[in-house]
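Per the numbering used here, residue 6 is the first one in the sequence shown, and the count goes up by one each step. All residues carry an ideal CB built from backbone N, CA and C; glycine is no exception. Since this is a predicted model, take the numbers as computed values, not measurements. Heads up: the structure comes next, in structure tokens.
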Amino acid sequence: MKPSLLDQPLGTYLDQLASDQPAPGGGSAAAVTGSLAAGLVAMAARFSSGQLPDAADRAGRADAYRADLVAMAERDAEAYGAVLEAFRLPAEPDPQQRRRKITDALEHAALVPLEITEVAARTAAEAAELAEQGNPNLRGDALTAVILAWAAARSAAELVRLNVELGALERDLLDRARLAVARAGEAADSLSPEEAPDGSAAGPSDGPAAGAQP
């Protein structure tokens, strides 16, 4: 049985990410990035009890986001594996059944990064509030969390777009991803111009899904 992500040394995960295997890949990396942001949010909140009466509640929410994102990192790798299996199915004798299986796999593969995008956006919002209202000694950690969470949301949303376009899926999945990226961008844009990442309000592009073919 493969050990869970949390049971592996960081170096092992990074080696897997850099290997010639298809997973873990971008979705997993986005989720792990978001979980790092959530960890920083939890830390900043725990050091902000003197500034925020609900600091403990904020830390608890961040802990939940972190756990969810770690789980999503593993689910994303599984979802991508299912896509690869569907594409390997023979076209004959039932090409329509193969197409349905591919579409179903791509829809699931789009839903996981969509969840990553939405949780990362909530993490970014929490981080931005802590950067402004929390313990000033932890401002750098909160700022780092905002930018990491925005990057996680932005990159996961692109994966939603690729899967939606490849599977000709319902556009509402992409609309939800764009809305979440916009929320993450608002959190990033609330920082000072020197601190906000460039182009933080941008959502998934409408360009071709280059490299989307498994």
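Length of the line joining the Cα atoms of residue i and residue j
i           : j           : result
residue 230 : residue 184 : Since the displayed the chain opens at 6 and closes at 219, residue 230 lies outside it and no answer follows.
residue 72  : residue 43  : 9 Å
residue 60  : residue 91  : 46 Å
residue 158 : residue 38  : 9 Å
residue 182 : residue 36  : 14 Å
residue 144 : residue 48  : 11 Å
residue 133 : residue 63  : 12 Å
residue 65  : residue 16  : 28 Å
residue 163 : residue 180 : 12 Å
residue 171 : residue 155 : 25 Å
residue 195 : residue 150 : 13 Å
residue 173 : residue 108 : 8 Å
residue 97  : residue 26  : 28 Å
residue 266 : residue 103 : Residue coverage of the chain in this structure runs from 6 to 219, which leaves residue 266 outside it and unanswerable.
residue 119 : residue 87  : 17 Å
residue 41  : residue 100 : 43 Å
residue 14  : residue 21  : 11 Å
residue 177 : residue 95  : 30 Å
residue 153 : residue 67  : 14 Å
residue 10  : residue 18  : 7 Å
residue 175 : residue 146 : 38 Å
residue 12  : residue 106 : 32 Å
residue 160 : residue 135 : 23 Å
residue 148 : residue 28  : 30 Å
residue 113 : residue 93  : 17 Å
residue 124 : residue 168 : 19 Å
residue 121 : residue 111 : 16 Å
residue 23  : residue 58  : 43 Å
Supposed contact pair residue j and residue i - C-beta distance, whole angstroms, cut 8 Å
i           : j           : result
residue 165 : residue 115 : 5 Å
residue 77  : residue 46  : Not really, about 17 Å apart at Cβ, beyond 8 Å.
Cβ-heavy atom distance, residue i to the ligand HEM, below 7 Å
i           : result
residue 185 : Ligands displayed in this structure: none; no statement on the ligand HEM is therefore possible.
* Okay, do the region 63-82 and the region 14-33 touch, 3+ Cβ pairs below 8 Å being the bar? -> yes
* Asked: What residue ranges within the region 64-144 form continuous beta strand (DSSP E) runs of no fewer than 3 residues, ordered along the chain?
  -> none
* Could you tell me whether the region 186-196 touches the region 128-135, where touching means 3 or more Cβ pairs closer than 8 Å? => yes
* Residue ranges of each alpha helix (DSSP H) within the region 25-55, 4 or longer -> 31-51
* When the Cβ atoms of the region 134-143 are set against those of the region 50-60, are three or more pairs found closer than 8 Å? -> yes
* Enumerated in chain order, which unbroken segments of the alpha helix (DSSP H) with a length of 4 residues or greater are wholly contained in the region 146-175? -> none
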